[in-house]
Structures are given as C-alpha cells and as structure tokens.
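S.K.: Residue numbers (our numbering): 1212 to 1569. Heads up, the beta-carbon is just placed ideally off N, CA and C, and yes, glycines get one too. Just so you know, these numbers come straight off a predicted model, no measurement behind them. Here it is: the structure, laid out below.
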C-alpha cells in the first residue's frame, strides 16, 4: 500500500494555495532577515578583524598590505577611513610598488592631501627603486593629484620673457633660473591659473635626490581680460607660452605692477617685439622712455650707493684719527709724569721707620 501524505493546511487558511503562499512568504521573510543579519555580522567581523590587525600599532598600513588584491584593498580602505584609522606614508609607497594606482589616488585625494601630509620622500624612493617604462604613465597621472608644496622641496622661480602688441600680451616661461641654463628633462603637474590682476605658473620636477617646485607669480601692470582670450600651451623643451588680452587696450610700460622695477628672472622678448613694432606704432617710444627711466633710476641708485660708501670711509677715517689723537695724548701725559713728577715722588717702604719721619 502506498499512502500519499498531503500536508495539512494551516488553521488560518482554508485552501492549499493560500497555505502555500503563506509558507513562501514566511520563508522569504526569514531568508531576507537572515541575509541582513549575516551582512551585518560580516561587517562587524570585518571591522573587528581590521581593529585586530591594527591593535597595538599607530598606523593601519597592514589593512592594505594584507589585502589579496586591489578591490579588497579599496574595501578595507573605506572601512578604515570610516573608523578614522591612520595611514603612514609607507602605505602609499607599497600601493605604488604593487601597481594599485586606484588605491594610490584614493589615498592621496581622501587621506594625505586633506590632512596635509608630505609624501614627496616616498615619491623619490619610488622613482629610484620601482619606476620603469610600464608604470611611468600611471606615475605621471598620479602626479596630477600631488599638491605643489612641500617643506623639503626647493622652491625656484622660472625665468620668463614678455612682449606685447596693441591688444595682447605674450609671455614665454622657461623652467630654469636663467635663460642660459638648461630646463629639467621631465616636468610634472604643469598648471597655469589667473585672475583679473595676476597669473601664476607652477610645476614639479625631480633632480637626482632633490624635489624642485617651480612657481612664478606675476601681479600685472594693468588688468587681464578674464572672460576670454587667455590661452596657454606647453611647447618644446618644457616651455609654456601664455597669451592674454589686456584691458584696457593700451601700451603697458611693464608687465609687473611696479613700472620701473625689473625682476632678476625677467627678460624682454626682443625678437617678438621687432615683429610687433608695426602694430605698436608710436607707442614704441614709451618703451624707450621706460628703458631710459630705468637707466636713470639705476644711475641714481649707484650715486646713492657711492655717496653712502664715501660717508662710511670718512667716518672710519675720522674715528681712526680720534683714536690716534687720544693715544698721543696718553703718551704725552706719561712722558710728563716720567720727567717731572716721578723723581720728586719716590716710592716709600711702609715698614721703614725713616719713611714716617718728616
């Protein structure tokens, strides 16, 4: 005999179909609740594991170093960041050496840069040990996320040339202290920004064991048209060409704010100026007048310096004469004492009885 056993429906239902639906609903709710509980438990276990890893250590570098791949490292980084754990700069070096460039960008953008942590030493170590043809492109992309400031870096102002026509100003920035010096082989993070009264050019380069931050800040003679007509491009030999519109359209006697001042790294672009003479017209004489005024100012400064040195020499000579006169007076007084008063005032012995007799 074969018996077909049919499950009795629940008491709350009268049909098999409604009973089955209730059972399915209860199973779905139970599985959903179990999934929530399992996910929350997994998250708690994950956090506890991270806390166990960094237990007794100031930094949470092992969170990233113990990750099997980059996806796991990004997940652990998010959890560690939400729990306000700290990372040392060695974590960045290890992420770069393993090729985890997405993790490197996240570390820079979300941890090192907001906290103002200097990471240039790790960049130098990576360039010495691990930089090659395969990862050079990723390293260059990562340098776009690096801030242009470091207490260990050497700050240098690049030299520049300038010229103008009736409406525009032309600037050529060369990343070297002087025109006769070569530029760096490789530059990173070249940026140019401007406002209505100044423009700024910055870049980063590596010279053996030294980090160089190039920064040129120019406060202009008059205003710049900020709405349009400001263009810049990188040309040959790491040179930046800048063109911007002057406002108002008039001849500038200088590119910097002070009319009669010339910076040590400032040069006039004579080759381009010769081409712009037909557009400048009679305003070219203003440039000659400016050069003449600068020469007069320098001559005046030289005369002031010569007068100052001459006064110093006179004061020094007068002081020497006074010292010689005082020494001569002292010698004369000593001679008078030796000739006139010393024979009349013999030195007496206090223990001699005759010395007390008058």
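Locate the alpha helix (DSSP H) running through residue 1353, then write down its first and last residues.
M.R.: First-last of the alpha helix (DSSP H) with residue 1353: 1347-1354.
S.K.: Residue 1466 to residue 1328, Cα distance in whole Å?
M.R.: Straight-line Cα distance between these residues: approximately 36 Å.
S.K.: Could you tell me which uninterrupted alpha helix (DSSP H) segments, each at least 4 residues in length, are contained entirely in the stretch 1275-1300, listed from first to last along the chain?
M.R.: Correct list: 1281-1293.
S.K.: Taking only the alpha-carbon atoms, compute the straight-line gap between residue 1385 and residue 1441 and give it to the nearest angstrom.
M.R.: Straight-line Cα distance between these residues: approximately 18 Å.
S.K.: Enumerate, from N- to C-terminal direction, the unbroken beta strand (DSSP E) stretches of 3 or more residues contained entirely within the stretch 1394-1444.
M.R.: Entirely contained in the stretch 1394-1444, the beta strand (DSSP E) runs reaching 3 residues are, in chain order, 1399-1405, 1409-1418, 1421-1430.
S.K.: Could you say which of 1439, 1305, 1389 lies nearest to residue 1340 if we only look at CA atoms?
M.R.: Of 1439, 1305, 1389, the residue nearest in Cα terms is 1305.
S.K.: Between residue 1330 and residue 1323, is the Cβ-Cβ spacing less than 8 Å?
M.R.: Contact: yes.
S.K.: Report all residues from its chain with a CB closer than 7 Å to the CB of residue 1445; omit the five preceding and five following residues, and keep chain order.
M.R.: Excluding residues within five positions, the ones whose Cβ falls inside 7 Å are 1401, 1451.
S.K.: Determine, using beta-carbon pairs with one atom in the stretch 1425-1442 and one in the stretch 1360-1372, whether at least three such pairs fall under 8 Å.
M.R.: These segments touch.
S.K.: When the Cα of residue 1333 is compared with those of 1300, 1539, 1469, which residue comes out closest?
M.R.: It is 1300.
S.K.: Going by C-alpha distance, which of 1396, 1302, 1435, 1297 is nearest residue 1456?
M.R.: Closest by alpha carbon: 1435.
S.K.: Give me, in chain order, the residues of the same chain whose beta-carbon lies closer than 7 Å to that of residue 1316; leave out the 5 immediate sequence neighbours on both sides.
M.R.: Here the set comprises 1353, 1356.
S.K.: Near residue 1313, what residues of its chain come up, given a Cβ to Cβ distance below 7 Å and the 5 sequence neighbours on each side ignored?
M.R.: So the qualifying residues of the chain are 1281, 1285.
S.K.: Go to residue 1337, then tell me how far its alpha helix (DSSP H) extends in each direction, as first and last residue.
M.R.: Start and end: 1331-1340.
S.K.: According to DSSP, is residue 1457 helix, strand or coil?
M.R.: It is a strand residue.
S.K.: Following the continuous beta strand (DSSP E) through residue 1373, name the residue where it begins and the one where it ends.
M.R.: Start and end: 1370-1375.
S.K.: Grouping DSSP H, G and I as helix and E and B as strand, with all else coil, what is residue 1236?
M.R.: Residue confidence is low: residue 1236 scores 48 on pLDDT, short of 50, so the model does not pin down where it sits. No coordinate-derived value is stated.
S.K.: In the DSSP assignment, find the unbroken beta strand (DSSP E) run with residue 1603 in it and report its ends.
M.R.: The requested residue 1603 does not occur in the structure, where the chain is confined to residues 1212 to 1569.
S.K.: Out of curiosity, what's the CA-to-CA distance linking residue 1438 and residue 1406?
M.R.: Approximately 10 Å, taken between the alpha carbons.
S.K.: Starting from residue 1479, follow its DSSP beta bridges and name the residues at the other end.
M.R.: The partner list for residue 1479 (beta bridge, DSSP) reads 1373.
S.K.: Keeping to the same chain, check which residues put their C-beta closer than 8 Å to that of residue 1358; ignore five residues upstream and five downstream.
M.R.: Counting only Cβ-Cβ distances below 8 Å, and skipping sequence neighbours, we find 1324.
S.K.: Roughly how many angstroms separate the alpha carbons of residue 1469 and residue 1432, rounded to a whole number?
M.R.: If I take the Cα positions, the gap works out to 7 Å.
S.K.: Are the Cβ atoms of residue 1303 and residue 1318 separated by less than 8 Å?
M.R.: Yes, they are a contact pair.
S.K.: Quick one: what does DSSP say residue 1546 is sitting in, helix, strand or coil?
M.R.: The answer is helix: DSSP assigns residue 1546 an H, G or I state.
S.K.: I'd like the list of long-range same chain contacts for residue 1449, defined as Cβ closer than 7 Å, with 5 residues on each side in sequence excluded.
M.R.: Answer for residue 1449: 1386, 1394, 1395, 1398, listed in chain order.
S.K.: Give the DSSP bridge partners of residue 1452, in chain order.
M.R.: According to DSSP, residue 1452 bridges with 1383, 1444.
S.K.: Terminal residues of the continuous alpha helix (DSSP H) containing residue 1313?
M.R.: Segment 1312-1318, the alpha helix (DSSP H) holding residue 1313.
S.K.: According to DSSP, is residue 1466 part of a helix, a strand, or is it coil?
M.R.: Three-state DSSP puts residue 1466 in coil, outside helix and strand.
S.K.: Over the uninterrupted beta strand (DSSP E) stretch that includes residue 1365, give me the two end residues.
M.R.: Here the beta strand (DSSP E) through residue 1365 covers 1365-1367.
S.K.: Spatial neighbours of residue 1529 within its chain, please: C-beta separation below 8 Å, excluding the five flanking residues on both sides.
M.R.: Excluding positions up to five away in sequence, the list is empty.
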